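Chemist:
There are 2 protein chains.
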Amino acid sequence: MKIDRLVLSEMDKQYRTNLVNSLPGIRGANLIGTINSITQQTNVAIFNSVTHIGANPPLMGFIMRPVSVQRDTYIHIKQNESFTINQVHENIYHQAHQTSARYSVSEFEATGLTPEFTDKIKAPYVKESKIKMGLRFVEELHIKSNETILIIGEIEEIILEDKLLSESGIIQLEDAKAIGVSGLESYYRLLKLEELPYAKP
Amino acid sequence: MKIDRLVLSEMDKQYRTNLVNSLPGIRGANLIGTINSITQQTNVAIFNSVTHIGANPPLMGFIMRPVSVQRDTYIHIKQNESFTINQVHENIYHQAHQTSARYSVSEFEATGLTPEFTDKIKAPYVKESKIKMGLRFVEELHIKSNETILIIGEIEEIILEDKLLSESGIIQLEDAKAIGVSGLESYYRLLKLEELPYAKP
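As you go down the protein sequences, you meet chains A and C in turn. Position 77 (the first sequence) corresponds to 76 in numbering that gives the first Met the number 0; numbering is contiguous. Position 64 (the second sequence) corresponds to 63 in numbering that gives the first Met the number 0; numbering is contiguous.
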């Protein structure tokens with residue numbers, strides 16, 4: 000099946016959203032935790048766009064939708080330059096998904112996830128997550144084509160279970176019961192195929 | 000285990016690269032196809048950073064490392080504003096991985112993947128892939144923190160097998176034998192858990 004630009008633009012909106020969201024394949028599901036500096040209200044929301052930007056300095060990025068509607072995550076990050084990224088696993092993906100609903104209270108309270116703090120980072124971690132990063136906001140890039148924003152943070156702290164790390168520093172995602180998400184709704188379990196060596200001609 | 004900024008900065012380089020690369024969890028594996036306008040040499044390379052930027056207009060992005068060393072993909076995209084994104088599946092991930100080696104000939108030739116052309120897009124598709132997009136380059140954003148570049152393209156054409164689409168437009172990744180990659184080397188098979196409904200309070 001070939002779908003060109005015209006067919007795509009005339010597609011039912013929900014159908015197009017589903018299709019385009021699932022085109023890039025599987026993505027990590029991560030909970031981003033923030034805190035309001037003034038009210039101290041915590042916030043946690045699921046994102047499927049967390050991407051590795053670089054290892055040294057250690058940088059992660061994620062895409063925010065336009066801030067024309069209120070975006071607590073964005074506001075909090077700008078307030079105190081702090082956020083956490085917490086990987087979702089099989090035992091919490093229902094709660095993680097539920098953070099995308101619009102609540103008037105903290106999504107921690109609404110979904111039963113537990114905020115957890117360290118002395119390095121103002122923003123709350125998700126206690127139930129097994130692979131967590133605390134980050135300091137360093138940069139935002141405004142994408143002109145659709146007014147989304149790439150937020151970039153530098154890792155200040157990593158918290159993870161020792162047994163999930165291989166001898167060479169590779170996190171074992173199947174052992175962590177990590178899941179993947181396609182689009183905004185399809186959740187997948189991961190089964191390790193293999194680690195391939197650095198490619199040479 | 001807690002790893003702070005100082006420990007991370009003093010870590011063995013390869014260990015840190017492995018750790019930081021695998022922190023965001025699973026990612027899609029995609030082959031990006033380009034062509035040199037002058038020599039007509041084709042190029043195909045694996046990327047794990049392809050991210051959905053928006054559905055309307057339909058936009059995809061990916062991260063390029065610094066262009067200080069020669070980056071054919073970047074040069075070709077700037078030459079003719081055209082590239083393709085081709086999802087990797089279980090039957091081609093060894094070949095896909097091998098595209099990351101440095102060849103003097105086209106990676107198509109070197110790895111046995113087959114270039115395929117349509118009249119909509121100059122850049123070559125990967126014939127063996129089941130889920131493909133042809134894109135027109137629209138924007139590049141320079142990330143100051145580490146000189147990487149976010150390349151954004153608008154989808155001009157989608158090519159995929161009909162049977163992979165659900166009634167609501169969601170691509171069935173397990174049926175496509177789509178795989179995921181963690182870091183630069185760990186490949187995973189996907190098993191569908193479920194599709195969750197739009198979250199409401």
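The C-beta atom is built at its ideal place from N, Cα and C for all residues, glycine as well. On a predicted model such as this, the values are computed, not experimentally measured, just so you know.
List the whole-angstrom C-beta distance separating Glu156 of chain C from Lys1 of chain A, where the pair is believed to meet the contact cut-off of C-beta under 8 Å.
Modeler: Right, the Cβ-Cβ distance comes to about 6 Å (below 8 Å), so this counts as a contact.
Chemist: Does the region 50 to 63 of chain C come within contact of the region 107 to 117 of chain C, defined as at least 3 CB pairs closer than 8 Å?
Modeler: The region 50 to 63 of chain C is not in contact with the region 107 to 117 of chain C.
Chemist: Would you check if there are 3 or more beta carbon pairs closer than 8 Å linking the region 176 to 189 of chain A to the region 18 to 30 of chain A?
Modeler: In short, these stretches touch, since the Cβ pair count reaches three.
Chemist: How many angstroms separate the CA atom of Ser167 of chain C from the CA atom of Tyr197 of chain C?
Modeler: Their backbone Cα atoms lie some 13 Å apart in a straight line.
Chemist: List the residues of chain A whose Cβ lies closer than 8 Å to the Cβ of Arg101 of chain C, in chain order.
Modeler: By Cβ distance, chain A contributes Pro200.
Chemist: Mind listing which residues of the region 68 to 96 of chain A have their C-beta closer than 9 Å to chain C's C-betas, in chain order?
Modeler: Listed by position along the chain: Ile84, Gln86, Val87, Glu89, Tyr92, His93, His96.
Chemist: Can you name the residues of chain A whose CB is closer than 8 Å to the CB of Met59 of chain C?
Modeler: Leu22, Pro23, listed in chain order.
Chemist: Kindly list, in the order they appear in chain C, the residues whose Cβ is closer than 9 Å to that of Val137 of chain A.
Modeler: What Val137 of chain A touches in chain C: Lys143, Ser144.
Chemist: Applying a beta-carbon distance threshold of less than 7 Å, which residues of chain A neighbour Pro56 of chain C?
Modeler: Under the 7 Å cutoff, chain A gives Ser144, Asn145.
Chemist: My assumption, with CB atoms under 8 Å, is that Ser185 of chain C sits in contact with Ile169 of chain A. Please give the rounded CB distance.
Modeler: Correct: roughly 6 Å between the Cβ atoms.
Chemist: Please state whether DSSP places Glu139 of chain C in a helix, a strand or coil.
Modeler: Glu139 of chain C: strand per DSSP, three-state reduction.
Chemist: Listing by chain order, which chain C residues have their CB less than 8 Å from the CB of Glu156 of chain A?
Modeler: Under the 8 Å cutoff, chain C gives Lys1, Ile2, Asp3, Arg4.
Chemist: Based on Cα-Cα distance, which residue from C:Lys191, C:Lys131, C:Leu163 lies nearest to Asn29 of chain C?
Modeler: Ranking the options by Cα distance to Asn29 of chain C, first place goes to C:Lys131.
Chemist: Buried or exposed for Ile91 of chain C, please, with buried defined as at least 16 other CB atoms from any protein chain shown within 10 angstroms of its CB.
Modeler: Label assigned to Ile91 of chain C: buried.
Chemist: Is there contact here, the region 37 to 46 of chain C with the region 39 to 52 of chain A, by at least three beta-carbon pairs under 8 Å?
Modeler: At 8 Å Cβ cutoff, the stretches do not touch.
Chemist: Does the Cβ-Cβ distance between Glu34 of chain C and Asn85 of chain C come in under 8 Å?
Modeler: The sequence as given places Ile at residue 34 of chain C; Glu does not occur at that position. Contact flag unset, no.
Chemist: Starting from Asp3 of chain C, follow its DSSP beta bridges and name the residues at the other end.
Modeler: Answer is A:Glu156, bridged to Asp3 of chain C.
Chemist: Excluding the five sequence neighbours on either side, which residues of its own chain have a C-beta within less than 6 Å of the C-beta of Glu115 of chain A, listed in chain order?
Modeler: Only Tyr124, Lys126 meet the Cβ criterion.
Chemist: Between the beta-carbon of Leu149 of chain C and the beta-carbon of Leu140 of chain C, is there less than 8 Å?
Modeler: Yes; because the gap between Cβ atoms is below 8 Å, this pair is in contact.
Chemist: Since I believe Tyr14 of chain A is in contact with Leu190 of chain C (beta carbons under 8 Å), could you give me their beta-carbon distance rounded to a whole number of angstroms?
Modeler: Not really, about 25 Å apart at Cβ, beyond 8 Å.
Chemist: Just to make sure I have the definition right: I need the residues of chain A whose C-beta is within less than 8 Å of the C-beta of Glu230 of chain C. Which are they?
Modeler: Past the edges of chain C, shown from 0 to 200, lies residue 230 of chain C, and the structure says nothing about it.
Chemist: Over what stretch of residues does the beta strand (DSSP E) that includes Leu164 of chain C continue unbroken?
Modeler: Leu164 of chain C -> no beta strand (DSSP E), and no H or E assigned at all.
Chemist: Taking only beta-carbon atoms, is Met132 of chain A less than 8 Å away from chain C?
Modeler: Closer than 8 Å: yes.
Chemist: Measure from the C-beta of Tyr14 of chain A to each C-beta in chain C and report whether the shortest distance is under 8 Å.
Modeler: True, the Cβ-Cβ gap to chain C drops below 8 Å.
Chemist: For Ser128 of chain C and chain A, any beta-carbon pair shorter than 8 Å?
Modeler: Cβ-Cβ to chain A under 8 Å: no for Ser128 of chain C.
Chemist: Assuming Gly27 of chain C and Thr83 of chain C are in contact, meaning their beta carbons sit under 8 Å apart, how far apart are those beta carbons, in whole angstroms?
Modeler: That belief does not hold up - the Cβ atoms of Gly27 of chain C and Thr83 of chain C are roughly 15 Å apart, past 8 Å.
Chemist: Give the residues of chain A in contact with Ser181 of chain C, contact being defined as C-beta atoms less than 8 Å apart.
Modeler: Within 8 Å Cβ-Cβ: Ile169, Ile170, Leu172.
Chemist: Check the Cβ-Cβ distances between Ala28 of chain A and every residue of chain C, and say whether any is below 8 Å.
Modeler: True, the Cβ-Cβ gap to chain C drops below 8 Å.
Chemist: What did DSSP end up calling Lys77 of chain C once you bin it into helix, strand or coil?
Modeler: Looking at Lys77 of chain C - three-state DSSP - the assignment turns out to be helix.
Chemist: Between A:Lys199, A:Thr117, A:Thr72, which has its C-alpha nearest Tyr102 of chain C's C-alpha?
Modeler: Selected option, being the one with the closest Cα: A:Lys199.
Chemist: Between Glu89 of chain C and Ala95 of chain A, what straight-line distance do the alpha-carbon atoms span, to the nearest angstrom?
Modeler: Distance between the alpha carbons of Glu89 of chain C and Ala95 of chain A: 28 Å.
Chemist: For chain C, check one thing: does any of its Cβ atoms lie closer than 8 Å to the Cβ of Ser48 of chain A?
Modeler: Yes, contact with chain C.
Chemist: How many angstroms separate the CA atom of Ile74 of chain A from the CA atom of Ser81 of chain A?
Modeler: Approximately 11 Å, taken between the alpha carbons.
Chemist: Just to make sure I have the definition right: I need the residues of chain C whose C-beta is within less than 9 Å of the C-beta of Ala109 of chain A. Which are they?
Modeler: What Ala109 of chain A touches in chain C: Pro200.
Chemist: Classify Ser8 of chain A: buried if its beta carbon has 16 or more other beta carbons within 10 angstroms, exposed otherwise.
Modeler: Counting Cβ neighbours within 10 Å, Ser8 of chain A comes out exposed, since fewer than 16 surround it.
Chemist: Against chain A, with Cβ distances strictly below 8 Å, would Tyr187 of chain C count as a contact?
Modeler: Chain A contact via Cβ: present.
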